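Engineer:
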Amino acid sequence: MARLNVHMRKEWLIVLALILLIFSFFTWFNWGFHGDVIHRPPSNTIVWETSYDPESMDPAVDNTGVGDWILSNIYETLYTYPFNSSDTTSLIPLLALGEPIISPDGRNYTIALRQNITFQDGTPFNASCVKWNIERAMKIFSDSQAIWTFAETLKGGNEVKQVAVLNGTSSSVFQSEFDSWIVNSSAIMILDTYTVRFVLEEAFSPFVTILASKSARFMSPTYAISHASDLDLMTWEAYGVDYGQSENYMHTHTCGTGPYTIVDWVEDQYIELESYEKYWRETTSILEVLPPSNAGSIEKIYIRMNYDALGRELNLRNGVVDGVEWPLTEAHLVWDPVNEITRYLNINVSTGGYKFETLFLGFNMGNLTVTVNGTTVITECPFNNRNFRRAASFAFDYQNFIDSAVNGYGIQGKGPIPAGMVGHNDSGIGFNYNLTAAVAEWNLAMQDPVFVNSLNTINNSIIFYHLAGSSLRDEASSLLQIGLEDVYWIPESNHTGLNNNMTFLVESLTYSEYLEYLEERRLPMLPFGWVPDYSDPISYLQPICHSEGALARQIGYNNTDVDMWCDLAISENNPTLRQIYFNNIQNAVADEAPYIWGYQKIEFQTWRDWLRGDGLVFNPMRDVYFYHISKDYSGTVVTNQIPWPSFIELASISWVTYILADYFKFQWIRRKQLKFALFIICTSITLFVTAWNVLFPSMWPQPGFLTSELLFIIYPGLLWVPWYLMYRDTKRAYRRIEQNHKTMDIQ
25 MARLNVHMRK
35 EWLIVLALIL
45 LIFSFFTWFN
55 WGFHGDVIHR
65 PPSNTIVWET
75 SYDPESMDPA
85 VDNTGVGDWI
95 LSNIYETLYT
105 YPFNSSDTTS
115 LIPLLALGEP
125 IISPDGRNYT
135 IALRQNITFQ
145 DGTPFNASCV
155 KWNIERAMKI
165 FSDSQAIWTF
175 AETLKGGNEV
185 KQVAVLNGTS
195 SSVFQSEFDS
205 WIVNSSAIMI
215 LDTYTVRFVL
225 EEAFSPFVTI
235 LASKSARFMS
245 PTYAISHASD
255 LDLMTWEAYG
265 VDYGQSENYM
275 HTHTCGTGPY
285 TIVDWVEDQY
295 IELESYEKYW
305 RETTSILEVL
315 PPSNAGSIEK
325 IYIRMNYDAL
335 GRELNLRNGV
345 VDGVEWPLTE
355 AHLVWDPVNE
365 ITRYLNINVS
375 TGGYKFETLF
385 LGFNMGNLTV
395 TVNGTTVITE
405 CPFNNRNFRR
415 AASFAFDYQN
425 FIDSAVNGYG
435 IQGKGPIPAG
445 MVGHNDSGIG
455 FNYNLTAAVA
465 EWNLAMQDPV
475 FVNSLNTINN
485 SIIFYHLAGS
495 SLRDEASSLL
505 QIGLEDVYWI
515 PESNHTGLNN
525 NMTFLVESLT
535 YSEYLEYLEE
545 RRLPMLPFGW
555 VPDYSDPISY
565 LQPICHSEGA
575 LARQIGYNNT
585 DVDMWCDLAI
595 SENNPTLRQI
605 YFNNIQNAVA
615 DEAPYIWGYQ
625 KIEFQTWRDW
635 LRGDGLVFNP
645 MRDVYFYHIS
655 KDYSGTVVTN
665 QIPWPSFIEL
675 ASISWVTYIL
685 ADYFKFQWIR
695 RKQLKFALFI
705 ICTSITLFVT
715 AWNVLFPSMW
725 PQPGFLTSEL
735 LFIIYPGLLW
745 VPWYLMYRDT
755 KRAYRRIEQN
765 HKTMDIQ
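741 is the number that our numbering gives to position 717 of the sequence shown; each next residue is one higher, with no gaps.
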């Protein structure tokens with residue numbers, strides 16, 4: 025009976041070994057040699073992975089980067105930036121027929137519209153649609169959207185904005201103010217079916233750039249109205265939404281004039297878009313908007329949410345997707361910054377262009393509230409001293425911040441206007457990391473008794489607060505803390521008059537705590553991130569440098585000359601005069617140092633080499649534009665053909681080896697040297713594979729679905745288990761042999 029069980033066991037082991045070998049062969053064949061072919065998306069489909077969902081599909085509500093990107097492929101504006109260029113200084117008419125006619129006083133913009141354009145539900149696009157969309161956005165007045173750009177420029181709009189901010193959009197005060205604005209302002213006038221006029225409160229020279237911004241995208245009024253949540257809202261005059269109703273049918277649905285529309289959105293999973301067959305540019309002969317020859321070949325788009333950064337990388341390398349949001353922390357794995365070439369022939373990397381996304385620190389130049397020994401004290405903030413602000417600006421390690429925050433894919437900020445935007449001038453502007461210069465500025469500050477007294481009043485301690493969970497702001501605050509500590513403890517630093525040695529600390533706050541500290545003016549420094557709503561320096565200068573701007577008010581910055589130059593630049597159309605005003609502002613801000621200009625991001629995009637078209641050309645005001653992209657698989661470089669087995673093959677081979685060793689163990693024991701040699705070779709291979717994968721995980725070809733870090737723990741375990749079992753069985757066998765030898769010796 026025992027002999028029969030042994031034979032049955034051997035037969036089952038042989039069957040199992042054959043199954044594993046066959047499985048290993050097929051996985052090797054498919055993933056090692058044909059992975060690019062069987063996994064890649066169809067030629068008329070693009071799959072792109074990103075790390076987060078949009079806030080909304082309603083262009084009057086969403087204010088996320090990924091939402092802006094997706095909506096730019098669905099909705100259109102009156103003007104846009106050149107499709108095949110990174111230029112943001114010029115605009116081309118899109119839904120508009122030509123350039124606007126501007127009145128001599130700069131307050132009236134009359135625009136003729138293109139005809140024979142329809143929304144995706146068949147509704148004709150005309151002047152009434154333009155007026156309706158902007159008024160609808162004003163009625164919602166989402167605090168996360170850039171509708172303030174229209175509210176601050178259109179006649180009577182600022183009053184609506186102020187009431188919305190102070191009283192809320194659900195208040196009767198807001199409702200009354202909005203209704204009054206609609207009836208009395210005449211801010212948007214329909215001159216005829218295809219002519220619209222915008223009437224501004226004051227001359228605003230960059231107004232056309234607002235008409236090219238995300239706040240000026242147009243949806244079908246009839247589509248939105250017909251899907252209103254209440255019968256009372258299903259009228260043209262009700263705009264299909266209630267006052268302040270951000271959550272509405274258009275939150276998850278779309279209907280624009282653009283080349284694509286959303287057919288499905290499963291939050292946290294994917295967004296599916298399909299092409300609009302009657303898109304007006306497909307049949308146009310107008311040179312300004314004539315699409316390239318490859319336009320419209322992409323019929324389906326899947327924007328997939330993949331929160332696993334490593335998974336996105338592997339999917340791109342294996343051809344499962346066409347493009348991904350590649351994490352900057354792993355940029356070196358795909359891009360060689362020294363030689364400026366991609367590390368993978370089948371992955372294109374677009375980098376080097378200046379994005380308009382910036383991060384900077386603002387100093388509190390007003391009063392500071394602190395608690396000293398249980399007592400609340402209100403005093404002048406030490407950063408009200410110009411020399412102390414300049415000392416901090418010299419003490420900040422900019423390159424360290426850029427390296428840690430964006431892995432080196434950024435440049436040091438040089439003033440309020442970002443590099444690459446018209447008006448930028450960094451000649452002699454800005455600070456570098458220089459502790460010697462910082463000490464000199466500190467010593468100048470210490471000559472001011474008001475400054476010394478402010479330090480003593482707060483018990484010689486400055487705490488830099490930031491919002492919990494923000495690694496960027498934490499890093500910026502910590503570098504400022506370290507820099508000021510270094511300055512203070514340099515022997516040449518003057519401490520005369522201080523009651524105690526200075527301490528600089530960093531603490532995080534919850535969102536509610538941060539808002540409370542902001543209101544009570546307990547923040548000596550405020551970290552800011554900024555992305556422009558329209559491509560003009562005023563989008564930065566007005567909120568950051570003008571005393572009535574949102575950020576300038578928070579830090580208490582007030583310079584009457586800067587205000588004057590801002591106001592002049594806002595109304596001036598002459599580019600030469602505008603540049604003079606911009607230079608004056610940048611020089612004044614550089615001298616006074618109300619901000620530390622941390623970094624400006626550099627673009628970093630990755631996609632497979634089979635994508636073609638100018639829809640991939642970088643522009644700081646536009647992301648990937650799918651309508652101008654096509655696919656060409658004919659010249660694809662398939663790098664999956666690297667003759668390295670995957671973990672599954674190695675695990676299969678390991679188990680097969682163990683099973684065979686178990687089956688032939690009696691024969692193997694008679695040839696100890698052969699068994700040891702085989703064991704050492706296989707163990708060395710397994711050790712090398714495991715170590716390589718741990719040290720260089722991104723350089724190991726993996727099947728597309730192996731996207732979880734958990735599998736990188738499981739598979740090494742599968743590799744090592746059979747070798748451990750062989751070691752255990754071998755050790756037991758030798759013990760039996762030794763026991764037999766001892767028994768024979770005794771006998």
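Heads up, the beta-carbon is just placed ideally off N, CA and C, and yes, glycines get one too.
Note that this is a predicted model, so its numbers are computed, not measured.
Does DSSP put serine 732 in a helix, in a strand, or in coil?
Structural biologist: Interpretation of serine 732 is limited by its pLDDT of 38, a score under 50 that renders its predicted location unreliable; the figure taken from the coordinates is listed afterwards. Correct three-state label for serine 732: coil.
Engineer: Can you give me the Cβ contacts of alanine 355 inside the same chain, cut-off strictly under 7 Å, excluding the 5 residues immediately before and after it?
Structural biologist: Asn431, Tyr433 and Phe628
Engineer: Assuming contact is defined by CB atoms lying nearer than 9 Å, are alanine 333 and threonine 353 in contact in what I supplied?
Structural biologist: yes
Engineer: Quick one: what does DSSP say tyrosine 538 is sitting in, helix, strand or coil?
Structural biologist: It is helical.
Engineer: Give every residue of the same chain whose Cβ lies closer than 6 Å to the Cβ of valine 71, excluding the five residues on either side of it in the sequence, and list them in chain order.
Structural biologist: Pro65, Tyr326, Val345 and Asp346
Engineer: In whole angstroms, what is the alpha-carbon distance linking serine 559 and proline 351?
Structural biologist: Between serine 559 and proline 351, the alpha-carbon positions lie close to 26 Å from each other.
Engineer: Nearest-angstrom Cα distance between glutamate 337 and alanine 151?
Structural biologist: 46 Å
Engineer: Which residue marks the beginning of the beta strand (DSSP E) containing lysine 324, and which one marks its end?
Structural biologist: 324–329
Engineer: Are the segment 295–304 and the segment 175–193 in contact at 8 Å, needing three or more beta carbon pairs?
Structural biologist: No, because fewer than three Cβ pairs between the segment 295–304 and the segment 175–193 fall closer than 8 Å, the two stretches do not touch.
Engineer: Could you round the C-beta distance between valine 613 and valine 586 to whole angstroms and report it? I think they count as a contact, below 8 Å.
Structural biologist: Confirmed, about 7 Å.
Engineer: In whole angstroms, give me the CA-to-CA distance for serine 48 and isoleucine 171.
Structural biologist: Any reading at serine 48 needs caution, since the residue's pLDDT is 48, under 50, leaving its predicted position unreliable; the model's value is listed next. Using only the alpha carbons, I get a separation of about 58 Å.
Engineer: Can you list, in chain order, the residues of its chain whose CB lies under 6 Å from that of glycine 573, leaving out five sequence neighbours each side?
Structural biologist: Gln566 and Pro567
Engineer: Quick one, which of Tyr76, Leu235, Ile98 and Arg160 has its alpha-carbon nearest threonine 134's?
Structural biologist: Leu235
Engineer: Verify the contact flag: serine 517, CB atom, against every heavy atom of the ligand MG, threshold strictly below 8 Å.
Structural biologist: Absence of the ligand MG is noted for the structure shown, with no ligands found whatsoever.
Engineer: What separation, rounded to the nearest whole angstrom, lies between the Cα atoms of isoleucine 482 and isoleucine 562?
Structural biologist: 37 Å
Engineer: If you count every other CB in all the chains shown that lies within 10 Å of the CB of tryptophan 724, and 16 or more means buried, which is it?
Structural biologist: Note on tryptophan 724: pLDDT 42, under 50, position unreliable in the model; the coordinate value appears next. So tryptophan 724 counts as buried.
Engineer: Between the alpha carbons of phenylalanine 149 and threonine 246, how many angstroms are there, rounded?
Structural biologist: About 11 Å.
Engineer: What ranges does the alpha helix (DSSP H) occupy inside the segment 564–651, keeping only unbroken runs of at least 4 residues that lie completely in it?
Structural biologist: Positions of the alpha helix (DSSP H) runs, each at least 4 residues long and wholly inside the segment 564–651, are given as 574–579, 584–595 and 599–616 in order along the chain.
Engineer: Looking at the strands, I want to know which residues DSSP matches up with serine 299.
Structural biologist: Tyr284
Engineer: Relative to the alpha-carbon of isoleucine 579, which residue among Asn467, Pro548, Glu509 and Ala469 has its alpha-carbon at the smallest distance?
Structural biologist: Pro548
Engineer: How far does the beta strand (DSSP E) with histidine 490 in it reach, from first residue to last?
Structural biologist: 485–491
Engineer: Are aspartate 77 and glutamate 291 close, meaning C-beta to C-beta below 9 Å?
Structural biologist: Yes, these two residues count as a Cβ contact at 9 Å.
Engineer: Which class does valine 90 belong to by DSSP, given the choice of helix, strand or coil?
Structural biologist: Looking at valine 90 - three-state DSSP - the assignment turns out to be helix.
Engineer: I'd like the ranges of any alpha helix (DSSP H) spanning at least 4 consecutive residues and lying wholly in the segment 176–222.
Structural biologist: 181–191 and 196–208
Engineer: For threonine 69, list the residues DSSP reports as bridge partners.
Structural biologist: Lys324
Engineer: Tell me whether serine 75 sits in a helix, a strand or coil according to DSSP, three-state version.
Structural biologist: coil
Engineer: Can you tell me which residues form a DSSP beta bridge with threonine 134?
Structural biologist: Under DSSP, threonine 134 shares a beta bridge with Ile125 and Arg221.
Engineer: If distances are taken between C-alpha atoms only, which option among Gly320, Arg410, Phe231 and Gly398 comes closest to asparagine 582?
Structural biologist: Arg410
Engineer: Which residues does DSSP pair with isoleucine 371 in a beta bridge?
Structural biologist: Arg632
Engineer: So, leucine 340 versus arginine 545, is the Cβ gap smaller than 9 Å?
Structural biologist: no
Engineer: Sort Ala84, Arg160, Pro644 and Tyr103 by Cα distance to methionine 445 and report the nearest one.
Structural biologist: Pro644
Engineer: If you check the beta carbons only, do proline 283 and asparagine 97 fall under 9 Å apart?
Structural biologist: yes
Engineer: Within 10 angstroms of the Cβ of aspartate 129, are there 16 or more other Cβ atoms? Answer buried if so, exposed if not.
Structural biologist: Note on aspartate 129: under 16 other CB atoms within 10 angstroms of its CB, so exposed under the neighbour-count rule.
Engineer: Take the Cβ of isoleucine 310 as the centre, count every other Cβ of all protein chains shown within 10 Å, and call the residue buried at 16 or more, exposed below.
Structural biologist: exposed
Engineer: What is the rounded straight-line gap between the Cα of arginine 131 and the Cα of asparagine 607?
Structural biologist: 25 Å
Engineer: Who are the Cβ neighbours of valine 154 in its own chain at under 6 Å, not counting the five residues just before and after it?
Structural biologist: Val220
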